[in-house]
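The structure under discussion appears below in the form of structure tokens.
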Amino acid sequence: MLVLPAIDLLDNEAVRLLQGDYAKKTVYSSSPEKMIQVFEEQGATLIHIVDLNAAKTGKSENGKTIKKIKEECSVELELGGGIRSIENMKFYDGLGVSRFILGTVAVEDPNVVEKGLEMFGQNRIVIGVDAKNGYVRTKGWETNSGILYKDFLKKMYGMGVRHVIFTDISKDGMMEGPNTDLYIELLNEFPDLQLVASGGVSKTEDLVTLFEKTNGKLFGAITGKAIYEGKLDLKESIRILNQKREK
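Residue numbers for the sequence shown follow numbering that gives the first Met the number 0, so the first one is 0 and each next one is one higher.
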């Protein structure tokens, strides 16, 4: 199970939003590439980046920052937020992004997912499922799609999607721990899904719980705020999980 440090970009700064509310943001750095260099030094191999400008409007304002991050760091990047076309994927591919996270477009135009799988392959297309009260939300979490997340997952799985990031919005940024039961349920229903947990990881013990209760079957877990606020030691968390994986 990988630990994926998260960086949310808004107006070329690293920020965190409380439960997806753009009016409730905390700015953590005006030099996101420096943060990622630290994550890399601490052992992270895959960084989770969200372009919040593009998530809301469909237009990226953070291209130069993403380019700078890739130029100055050697870790792999997965990127989400406003990727709604093959052209978007080609653009980010040119910047060196490894994995493309498709959220809103997967709900509104599944053909883009199908074309992405054909063009870039199963391991580079990741579906971001952002759920609240059982329903998938889109457009930076601001719109209720009216689609139950279980129905949506079944459809994506049937199309050949195997990489999914599932965010429980009610847990995001609340520092109350992840919804472990939900991830166990999803892995039982889709055994070969490469599932990444997102939302609620607030300390190393949360990562250990996710690892142990899912029998190490989670592909990874995303954490951001807990790292920034010193509540989770990234280097130590990676060391502990590596140790458990080797047993």
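All C-beta atoms in this analysis are idealised placements derived from N, C-alpha and C, irrespective of residue type, glycine included.
Treat the numbers as computed from the prediction; the structure is a model and nothing was measured.
Can you tell me where the beta strand (DSSP E) holding residue i begins and where it ends?
| i | result |
| --- | --- |
| Q193 | 193–197 |
| V2 | 1–9 |
| K33 | Unbroken run through K33 is the alpha helix (DSSP H), 31–40; no beta strand (DSSP E). |
| K24 | 20–28 |
| A220 | 219–222 |
Would you decide whether residue i is buried or exposed? Buried here means 16 or more other CB atoms lie within 10 Å of its CB.
| i | result |
| --- | --- |
| A22 | exposed |
| N178 | buried |
| D129 | buried |
| N110 | exposed |
| L217 | buried |
| M118 | exposed |
One question on the structure: do residue i and residue j come within less than 9 Å of each other, judged by their Cβ atoms?
| i | j | result |
| --- | --- | --- |
| T222 | V2 | yes |
| V106 | F151 | yes |
| S201 | K230 | yes |
| K149 | E113 | no |
| K212 | I183 | yes |
| L17 | I48 | no |
| A5 | V26 | no |
| D167 | G199 | yes |
Let's see if you can read the secondary structure: which residues bound the alpha helix (DSSP H) around residue i?
| i | result |
| --- | --- |
| E245 | 233–245 |
Handout entry: Cβ pair count under 8 Å reaching 3, the segment 115–126 against the segment 23–41
Key = no
Problem - Three-pair Cβ contact test at 8 Å for the segment 65–80 versus the segment 90–106 - result: yes
Exercise for the section: Spell out a yes or no on whether the segment 44–56 and the segment 138–158 are touching, meaning 3 or more CB-CB pairs, one atom from each, closer than 8 Å. Expected result: yes
Problem - Whole beta strand (DSSP E) elements within the segment 108–185, 3-residue minimum - result: Secondary structure remark: continuous beta strand (DSSP E) runs of at least 3 residues inside the segment 108–185, in chain order: 124–131, 134–137, 142–147, 162–167.
Practice task
Ignoring anything shorter than 4 residues or poking outside the segment 48–100, list the alpha helix (DSSP H) runs there in chain order.
Solution key: 51–56, 62–71, 85–94
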